[in-house]
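Here is the structure we will look at, set down as structure tokens.
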Amino acid sequence: MKVATTRRIAYLILAAAVFVAAALYAQQIALGLGDPAVMTGYYLLGLMIFLALFNARKKLSMVPLGRAAVWLRVHVAGGLLAVALFWLHTRTLWPSGLYEQLLALLFYFVSLTGVVGHVLQRTYPSRLTQSGIEVIYERIPAELATIREEVESLVLKCTEETGSDTIARHYLETFSWFFSRPRYMWSHAIGSRRAAHWVRNEVTNLRRYLNDAEQTYLDGLSELAFTKNRIDYHYAAQSIMKMWLLIHLPLAVAVLALAIWHTILVHVYAL
Amino acid sequence: MTGILDPDRFRFDRSSYERPNFPYRCGRGAAWGKPCANGPNIDGTCGGATACAPFRNPNGRYECRRPATAGGPCADGPKPDGSCSQTMPPCVPRRTLRGVRRRLAILAFGLVVALIAGFSGQSADQFGGLSSLNPGPLTAGHASFIAPGDCASCHAPHGSGSTDWIAAAFTASDNTANCTNCHTFGGPARAAHNAVVPEGSNLGDVSCQMCHTEHKGALADIVEINDVQCATCHKRKFTSFSSGHPAFSDRFPYFRRTAIRFDHASHFAKHFADQRFAERAPPTCVACHGENPNQRSLVRAGFESTCAACHGDQMAQRELVLLRLPEFPEAGIDRESVLEACGPMLDEIGAIIAPMETIEARREPGLGRELGAGALSALAGLLPVDPRRAAQRTRSPSLVRAVARYRADESVLMPGVGGGVAATIAGRTAGVPAPVLVGYSPILVGYSTSAPGAEPAPSPSDDAIVLAAVSDDPVVAGLSASLGDVVDFIAAHEDTIDRDMVIVLRDETGAAQDAFRDGDYMVVEIPDLGRDRFVIIDYFARDGQVLHMFPNRSVKNNFILSGVSLTLGVPGSGQESWQVGPPFGDDLLVVIASERLLYGGLRPTVEKTSEYLAFLEQQLARFASSGAVEIQYRVVTTAKDDAAATIIVERRRAEEKRIAAEKRAAEEKRTAEEKRIAEVKRIAEEKRIAEEKRAAEEKRIAEVKRTAEEKRTAEEKRIAEEKRIAEEKRVAEEERLAEEERLAEEEAEREEEEEEEYESVSTEEKSIVGAYLLDVATDDPDEYTEPMQELILAMADGGADPLAEMLDERAGEAVSGGLLAGLNPEVVKRVACAWAANLEYEAPADASLGGWYGDFLELRYRPKGHADTVAKAWIEFGLGVAQAADDDDSGERAVALRDSLIDSKEGVGACIKCHAVSQVDAETDTLAVEWRARDIERSRPHHLFFHDIHLRLLAARETKLEEADLGCRRCHVVDAGADFASGFADFDAMSYESNFKAITKNTCVDCHSEGNVRESCQLCHDYHREPSFKIRISRN
């Protein structure tokens, strides 16, 4: 952990150094009555293309292009560097032309989603580890279906063996809603324990109407409900960690396309 | 219990392999059901309708292939046809997250491309500027000149076609070239600071975009550059103005002499401090320098509002002598040519021929007859008392000869003694006593019928009326010159002149006198007028004053009854008496007798003639129709002493004696003639009687012989007729030859006389201008006589045209229009005619308002005031011809001309007294007059200074001029010891000593330093040199 942090800081320092060098170079160009925006623009475009390669790297996992973690750190540091270079390039937070404003807006969105994504990636994994289980995101529907089958088997068995349908009716009226699909997504996303409270509350309320035999079956159902609750948490967290890319990546593609067109226009009209 | 916590549940044989990178996932799982183990197919169809795809073994039997993760081979096994027995309803596979992400990415890219493609084809300003070609609004200045969407104004590829557009991406743009379509500079646009870079400097070109980038908004400052950028290129590095900036030059900011030679030191210390000029002195510096102060150099308020108060009249005093009549050693101008060019009677005749109608109307009908006194006076009145008497005196002998020559058979009419009698001279051979030329304006009259304004005849003849004032007698000349107004007055009232009125002048002894000596008493006696009259007697002296003799203080009643004689001025009679005193000469005594009282009371005993005559004219006009007025006058001669008086008296007596002798001779001649006539009559009577007898006898014989003789007589008559005709022809031929010989002799004699009598009217040298134009020396008559005389003749014929041609030829271009602006060709002709006749030309009026005029021996130009265009033109002309001059005599004359024109003391218009003449091109030695105050902005284009704010901070508008060290003088410190004037002694504008002390850097650092007023480079230095625009907008 400490090593990772140190490496992360090292990459950030490297990015800062690159920025300082670029800024100094731009300053020299400006002092020589040149146009530093050309240099910074190309730097920025190159960096953006490099950042976009991170996605390709993930698709080309069979090619030995370095560890993904390294790529991620470089991507994060490069993203921050890109923001700094963007300001160095435009010399303003908000350019004047509508096209440039659109480009800047998307760039800021990409940067923002990148930062948010990075924060999510840094936040949720540790929490997921604390949940005590590991679930592959794609298998969550199957896991939930398995749990639901187990719960329903348990309820049938209880009814058959105890002759009481209290648990069965309660399941049909209440718990079937809970086990049908992931519930309390937003509560899980923000780390709330509202779902667990709901399960506990329902189990406690039901318990008052059960005999000893039924109590045993209720304990089994309760255990499955809490397990399903943890899977719901995984589903919420992993969905968020995957969903932000649905924003970040298309925006990045749009920004890159706009930037390339911007470069062409600059060459045609100004250089 | 679920196996969720079983760590081995992901074992390969216990769980299926998840492929999140696939585009689809199981639809059952997506609906939160139990997904099948097969998963969707790659094309998105359901792959889980059956549990497996049975396998046909080599034995031809089908085997179940359900994977272990799904429970392994099923108990039912495959159907006989090989299909799976475990079927399920198919699901609708859903996209995986990655699939969705890919589609979104493609959608975003497509959207961007669509947006770019959709709007790039439009104008940059359409759709609210959505076009990708719109990089943002221009600055307000550019937006004012460039139409919306007119990107091609600055960006050539815009709208140039797809091929060129794409090619532009790979070729360098030259937007600077487009900038210079509108922007101009005082130097190369692509050179640093627009300065001409020394060869080998290797500075390279610059482009506008280095400092100025557009599309940053209407209010963007695209001009500003910082100090560090300046230091990047400049070798001399320093941190700020106050720290490290080089010290100012020891001549800052007075590197070059001023265009206007204004000595502040002397004006401050001497002239402005002088109480005599205190009212005219400016109270503050800004009184002269206050106009439009927001500049580096303050604009002077202009000559008229500053300098003119003291120096306004100096320009007109420096005149230009265009031509001067030089001394000619001999008369070289052909008289016939002069007459041809100038008319029959030369200059003075030309002046009085004009009012022909008046002459015709006023003269007696049938000139050639004897004119009455009134007509003579009228003619005299037509001849204004000419100030050119000297010229007339010089001219008169030839005039007399001319009239005698051409009008030998005409009568020459002259007024007689005292103006009372007109004498007739019939061809100078009539035996009439020669007139005494005493009195007003003796006149020679010729006669012709030609119309006024006609071309002058080749020589004086019957085709021209010839009027000439001849004043051989110096007495007459002096009289007319000094008493011109009185003579004009008399002439104007010639119809009232009473020739019968007698004026007797006596001395104190009672003896009648025409001349009086110093100290003599003058007694005036007017015999009986024969009618009742109010009498006024005035004595007009030659000094311009009039003495009112009568009425006077002793006899105030001037009404004289018929039968009463008037005697005035008898010494000791108790009346006023008059004693003769200076000035001596010929005066006029005028008597006015009127039926009505012209004026009451007494005039001052002595007053100015002009005032009195004006008054008298007024009174006569009032009484013109209310009563008769008679006027008589008489010349009175006074002299200093006996000798002078004696000369006059002797002259008069000699004249009288001559007249008497002539009268006596005429009487004797008349008596002899009468005797001869009587004898002739007697002889003639005797002859007549004898003749009658003889005639009767002859008549009888003739009658007898008549018939016989008829044939012979007829024959003889024919022969006689032939002889007579032959004889007449011979005599006529002899007479013609004799006449021609006589005329030739007369002409030769006249020319010989003129040659012998010639004396040049001028003793001057040629003018410098004239010498230059003719390319002759000013002081060598042998050199200049002939060309000058040719020029005079040409001017007499063509006015100013010959001068204009010479000037244009000398300048090599048409400059005469400006040089001779306002020059009246008629004046040039008159001047030339006068000079051609060896006369001084006297201008009819004073050229007080300025302009061209002739003045005796010179043709001059008097500047009209400041900024006189003619004076400027001449100075420019002088500079031009001197520059083009060769190193020879002609060149020296051109230089002499230039030097005379730009002489600070004597040059025309006194222009160069104040305006510096400076060398503007050392290579060609070109000189130029600095007519306007020098534009400092241009001379040091990269320097900025705004006087306005400094004037306000220093309260310069309220600071008095004499308050040294305050206001303007806090920075501009007068250097009283400077030799300011010497800086203008030559043409080098840089060899100059200002009368202000140099401004040091510390003067500025007092305020402009770190922590105080800003001190950036651009505060005082402008990057560009004379930035401007090609197209200027003006409001009509």
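Which chain is which? The protein sequence lines are A and B, in order.
Note that our numbering numbers the first sequence so that position 238 is 228, with each residue one more than the last.
Note that our numbering numbers the second sequence so that position 791 is 805, with each residue one more than the last.
Quick reminder that beta carbons are idealized off the backbone N, C-alpha and C, glycines included.
Neighbouring residues, chain B, relative to residue i (Cβ below 8 Å)
{"i": "D25 of chain A", "result": "Q223, M224 and T227"}
{"i": "L255 of chain A", "result": "S146, L147 and P149"}
{"i": "I126 of chain A", "result": "F24 and E32"}
{"i": "R171 of chain A", "result": "W46"}
Inter-residue Cα distance where the pair is residue i and residue j
{"i": "G61 of chain B", "j": "T206 of chain A", "result": "41 Å"}
{"i": "S145 of chain B", "j": "G132 of chain B", "result": "8 Å"}
{"i": "A(-6) of chain A", "j": "F69 of chain B", "result": "51 Å"}
{"i": "G905 of chain B", "j": "P816 of chain B", "result": "21 Å"}
{"i": "R738 of chain B", "j": "R744 of chain B", "result": "10 Å"}
{"i": "G22 of chain A", "j": "C321 of chain B", "result": "51 Å"}
{"i": "L58 of chain A", "j": "I239 of chain B", "result": "In the sequence under discussion, the amino acid at residue 58 of chain A is Ala, which differs from the Leu named in the question. Approximately 46 Å between the Cα atoms of the pair."}
{"i": "L582 of chain B", "j": "L807 of chain B", "result": "58 Å"}
{"i": "P1027 of chain B", "j": "V127 of chain B", "result": "According to the sequence provided, residue 1027 of chain B is Val. The question's Pro does not apply to it. Cα to Cα, the separation comes out at about 53 Å."}
{"i": "L385 of chain B", "j": "H507 of chain B", "result": "Since pLDDT at L385 of chain B reaches only 42, below the 50 mark, its modelled position is unreliable, and the value read off the structure follows with that caveat. Answer to the nearest angstrom: the Cα atoms are 17 Å apart."}
{"i": "A505 of chain B", "j": "I511 of chain B", "result": "9 Å"}
{"i": "T727 of chain B", "j": "R708 of chain B", "result": "20 Å"}
{"i": "A921 of chain B", "j": "A910 of chain B", "result": "The amino acid occupying residue 921 of chain B in the given sequence is Gly; Ala does not appear at that position. Distance between the alpha carbons of G921 of chain B and A910 of chain B is about 12 Å."}
{"i": "V8 of chain A", "j": "C40 of chain B", "result": "47 Å"}
{"i": "L873 of chain B", "j": "L941 of chain B", "result": "28 Å"}
{"i": "G210 of chain A", "j": "P104 of chain B", "result": "33 Å"}
Chain A contact residues for residue i, given Cβ-Cβ distances below 8 Å
{"i": "N148 of chain B", "result": "G87, L88 and Y89"}
{"i": "R1039 of chain B", "result": "Going along chain A, no residue has its Cβ under 8 Å from R1039 of chain B, so there is no contact; the nearest lies around 16 Å."}
{"i": "T246 of chain B", "result": "L21, G22 and L23"}
{"i": "K230 of chain B", "result": "S86"}
When the options are compared against residue i, the one with the closest alpha-carbon
{"i": "E621 of chain B", "options": "B:C98, B:R556 and B:S263", "result": "B:R556"}
{"i": "R183 of chain A", "options": "A:L83, A:V145 and A:F216", "result": "A:F216"}
{"i": "A295 of chain B", "options": "B:H562, B:L561, B:L975 and B:T523", "result": "B:L975"}
{"i": "D502 of chain B", "options": "B:Y647, B:G923, B:L575 and B:I963", "result": "B:Y647"}
{"i": "A1134 of chain B", "options": "B:P81, B:L602, B:N71 and B:E631", "result": "Any answer about residue 1134 of chain B is impossible in this case: the structure gives chain B only from 15 up to 1050."}
{"i": "A183 of chain B", "options": "B:P171, B:C193, B:N192 and B:N189", "result": "B:P171"}
{"i": "T(-4) of chain A", "options": "A:L41, A:R63 and A:A27", "result": "A:R63"}
{"i": "N216 of chain B", "options": "B:T198, B:C222 and B:C247", "result": "B:C247"}
Proximity test, residue i beta-carbon vs the ligand ATP heavy atom, cut-off 6 Å
{"i": "G826 of chain B", "result": "This structure does not include the ligand ATP; it has no bound ligands of any sort."}
Cβ-based burial, residue i [other Cβ within 10 Å; buried from 16]
{"i": "S639 of chain B", "result": "exposed"}
{"i": "W167 of chain A", "result": "exposed"}
{"i": "P474 of chain B", "result": "Legend: pLDDT at P474 of chain B = 31, less than 50; position of this residue unreliable, no value from coordinates given."}
{"i": "Q243 of chain B", "result": "buried"}
{"i": "T194 of chain A", "result": "exposed"}
{"i": "G53 of chain B", "result": "buried"}
{"i": "T777 of chain B", "result": "exposed"}
{"i": "T652 of chain B", "result": "buried"}
{"i": "Q527 of chain B", "result": "buried"}
Spatial neighbours of residue i in its chain, beta-carbon cut-off 6 Å, leaving aside the 5 residues before and after
{"i": "L1033 of chain B", "result": "none"}
{"i": "L611 of chain B", "result": "F548"}
{"i": "F286 of chain B", "result": "A295"}
{"i": "R876 of chain B", "result": "A330, E333, A861 and G864"}
Within chain B, the residues that residue i reaches when beta carbons sit closer than 9 Å
{"i": "P131 of chain A", "result": "R39, C40, R42, G43, A44, A45, W46, G47, K48 and P49"}
{"i": "A260 of chain A", "result": "P149, H169, S187, N189, Q223 and T227"}
{"i": "A135 of chain A", "result": "R42, G43, W46, G47, K48 and P49"}
7 Å CB neighbourhood of residue i in its chain, flanking five on each side removed
{"i": "D655 of chain B", "result": "R531 and D532"}
{"i": "T1017 of chain B", "result": "C985"}
Cβ shell of residue i (< 8 Å), same chain only, five flanking positions each side left out
{"i": "H169 of chain B", "result": "S187, N189 and N192"}
Chain A residues whose Cβ lies nearer than 7 Å to that of residue i
{"i": "I130 of chain B", "result": "W251"}
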